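Structure first, commentary second.
2 protein chains.
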Amino acid sequence: MTGIQGVDHIAVAVADLDAATALWRDRFGLEMGPREKIPDQGVEVQVMFAGPVRIELMRPLGPDSPVARFLEKKGPGIHHIALAVDDCGAAREAALADGGRPAGEGPVPGAGGTKVAFLHPASACGVLVEWVERTPEDS
Amino acid sequence: MTGIQGVDHIAVAVADLDAATALWRDRFGLEMGPREKIPDQGVEVQVMFAGPVRIELMRPLGPDSPVARFLEKKGPGIHHIALAVDDCGAAREAALADGGRPAGEGPVPGAGGTKVAFLHPASACGVLVEWVERTPEDS
Chain A
218 MTGIQGVDHI
228 AVAVADLDAA
238 TALWRDRFGL
248 EMGPREKIPD
258 QGVEVQVMFA
268 GPVRIELMRP
278 LGPDSPVARF
288 LEKKGPGIHH
298 IALAVDDCGA
308 AREAALADGG
318 RPAGEGPVPG
328 AGGTKVAFLH
338 PASACGVLVE
348 WVERTPEDS
Chain B
218 MTGIQGVDHI
228 AVAVADLDAA
238 TALWRDRFGL
248 EMGPREKIPD
258 QGVEVQVMFA
268 GPVRIELMRP
278 LGPDSPVARF
288 LEKKGPGIHH
298 IALAVDDCGA
308 AREAALADGG
318 RPAGEGPVPG
328 AGGTKVAFLH
338 PASACGVLVE
348 WVERTPEDS
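Here the protein sequences line up with chains A and B, keeping their order.
Sequential numbering from 218 applies to the first sequence in my numbering.
Sequential numbering from 218 applies to the second sequence in my numbering.
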């Protein structure tokens, strides 16, 4: 398998998006990016930048959001990491061929025109892993 | 505060380092890096590369290792993330001045000649954050 370009983002589940945004800006000096609601995933996301890597702070949009359940069970913390790939579908297929268990269907549309897919934490040392394929216009 | 260069690494706590290494190599296509024992931190680390970002797989060297306690409490998963900075001491001081709670002393020597320090998860949305300062020879 080829085509891993790097880490696209690290997603952190939080309850208070404004407080978390101020914290990562002021305490760590991250650069501010856009804020976006993604109803399909039940979250509002504040993008921050640590150099070229995004730190995505996510709050649940409602009690049925997977991120709401994550917060209830585990409290705030890292929700998933995303690998930047040049072909999301190929990356997912290769992982499934290696015995990996998918988390949901994929590739599906992600934020900002990306294609995304997820692998289940049971298939990656307890880590929920996303693949993100960006077109040049997205990045 | 300035001087965030990017994400240096994402550290994943695992029980079986050989199995985890094979998984992240074969299932995700990461590149192999060096393996190193760090007795001061009670871990053996396998460095993998997702483009320029390191994924550091860590196994405890013994039952008293903080990573052994992490595994016992939470199971395998992401243990911490590390921000690449040009001045580890200045980054730590700025976070403390902003009300952050340190995790241990710092800067202290890290793997491969780096300087490192940590901020407590209670001060960063449940995320244990490390700062890593590399000299050009380290990178």
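Glycine included, every Cβ here is placed at the ideal spot set by N, Cα and C.
Computed from a predicted model, the values in this text were never measured in an experiment.
Contact set for residue i: own chain, Cβ-Cβ below 8 Å, skip 5 residues either direction
i, result
"L247(B)", "W241, M265, F266, A267, I272"
"V344(A)", "H297, I298, P338"
"V349(A)", "D225, H226, A299, L300, A301, V302, C305, G327, T331, K332, V333"
"D235(B)", "none"
"L278(A)", "K254, P256, G259, V260, E261"
"F245(B)", "A267"
Coarse secondary structure for residue i, derived from DSSP in three states
i, result
"A299(B)", "strand"
"G330(A)", "helix"
"P283(A)", "helix"
"G292(A)", "coil"
"L336(A)", "strand"
"A341(A)", "coil"
"G250(A)", "strand"
"P324(B)", "coil"
"G306(A)", "helix"
"P256(B)", "helix"
"D235(B)", "helix"
"R271(B)", "strand"
"D243(B)", "helix"
"M218(B)", "At M218(B) the pLDDT is 48, less than 50, meaning the model places this residue with poor confidence and gives no usable figure here."
Cβ shell of residue i (< 6 Å), same chain only, five flanking positions each side left out
i, result
"A181(A)", "One cannot answer for residue 181(A) here, as it falls past the ends of chain A, which runs 218 to 356."
"D233(A)", "none"
"V229(B)", "L274, I295"
"R351(A)", "T331"
"M218(B)", "Annotation note: pLDDT 48 at M218(B) (below 50); position unreliable, coordinate value reported separately. Answer for M218(B): A311, listed in chain order."
"P324(B)", "C305, G306, K332, A334"
"D303(A)", "G220"
"V270(A)", "V224"
Residue i classed as buried or exposed, judged by whether at least 16 other C-beta atoms fall within 10 angstroms
i, result
"A328(A)", "buried"
"R276(B)", "buried"
"I227(B)", "buried"
"K332(A)", "buried"
"E347(A)", "buried"
"R318(B)", "exposed"
"D225(B)", "buried"
"A239(B)", "exposed"
"A308(B)", "buried"
"A320(B)", "buried"
"A237(B)", "buried"
"A341(A)", "buried"
"P293(A)", "buried"
Residues of its chain near residue i, where Cβ-Cβ distance is below 7 Å and the 5 sequence neighbours each way are ignored
i, result
"Q167(A)", "It is not possible to answer for residue 167(A), since the shown part of chain A is limited to 218 through 356."
"F287(A)", "A230, H296"
"P251(A)", "V264"
"M249(A)", "R242, M265"
"I255(B)", "V262, A328"
"D315(A)", "none"
Beta carbon proximity, residue i to chain D, threshold 8 Å
i, result
"F335(B)", "Any reference to chain D falls outside this structure, whose protein chains are A and B."
Any 3 or more C-beta pairs closer than 8 Å across the stretch 281 to 295 of chain B and the stretch 251 to 265 of chain B
The stretch 281 to 295 of chain B vs the stretch 251 to 265 of chain B: in contact.
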